[in-house]
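Right, one structure below, let's go through it.
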């Protein structure tokens with residue numbers, strides 16, 4: 005989302021507003037940044053994308069109320085870098101079981 009920089013003050017306000025809409029509020033900042041400030045005067049980035057993905061998964065369960073939210077699948081480019089995470093959230097156990105099967109198949113694709 006182009007907001008996860010070491011100096012959050014350098015982020016385009018349009019991108020911050022976009023992240024706030026996606027997340028639902030500004031609490032993502034508490035996950036990603038140490039809000040005490042550093043020697044240079046800005047909040048220090050303390051978490052990576054995996055931490056943010058897990059926090060969003062937790063938010064889907066606790067705030068949005070989805071009962072079934074499996075661990076997201078990191079979708080990677082041709083050189084193995086994660087470009088986004090694929091999430092699934094549902095109140096339905098059958099849908100969860102099907103998606104878990106698909107997610108696990110994808111996760112295990114390269115582990116032979």
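In the numbering used here, the protein residues as written are 5 to 116.
Built from N, CA and C at the ideal position, the CB exists for glycine as well.
Among the options, which one has its Cα closest to the Cα of residue i?
i: residue 34; options: 82, 55, 86; result: 55
i: residue 28; options: 84, 36, 68, 15; result: 68
i: residue 107; options: 30, 24, 92, 63; result: 92
i: residue 102; options: 74, 78, 53; result: 74
i: residue 109; options: 86, 61, 76; result: 76
i: residue 52; options: 36, 31, 78, 61; result: 36
i: residue 61; options: 18, 86, 94; result: 94
With DSSP run on the structure shown, which of helix, strand or coil describes residue i?
i: residue 103; result: helix
i: residue 80; result: strand
i: residue 72; result: strand
i: residue 31; result: coil
Quick one: what's got a C-beta closer than 6 Å to residue i's C-beta in the same chain, skipping five residues either side?
i: residue 26; result: none
i: residue 43; result: Bear in mind that a pLDDT of 44 at residue 43, under 50, signals an unreliable position, so the number given afterwards is only what the model happens to contain. Counting only Cβ-Cβ distances below 6 Å, and skipping sequence neighbours, we find nothing.
i: residue 24; result: 30
Could you round the C-beta distance between residue i and residue j to whole angstroms and report it? I think they count as a contact, below 8 Å.
i: residue 89; j: residue 57; result: 5 Å
What residues in its chain sit with their C-beta under 7 Å from that of residue i, if we drop five residues either side in the sequence?
i: residue 45; result: Model confidence at residue 45 stands at a pLDDT of 48, short of 50, so the residue's coordinates are unreliable; what they give is reported in the following sentence. So the list is empty, once near-sequence residues are dropped.
Using C-beta distances below 8 Å, list every residue in its chain close to residue i, excluding the 5 sequence neighbours before and after it, in chain order.
i: residue 79; result: 86, 87, 88, 89, 90
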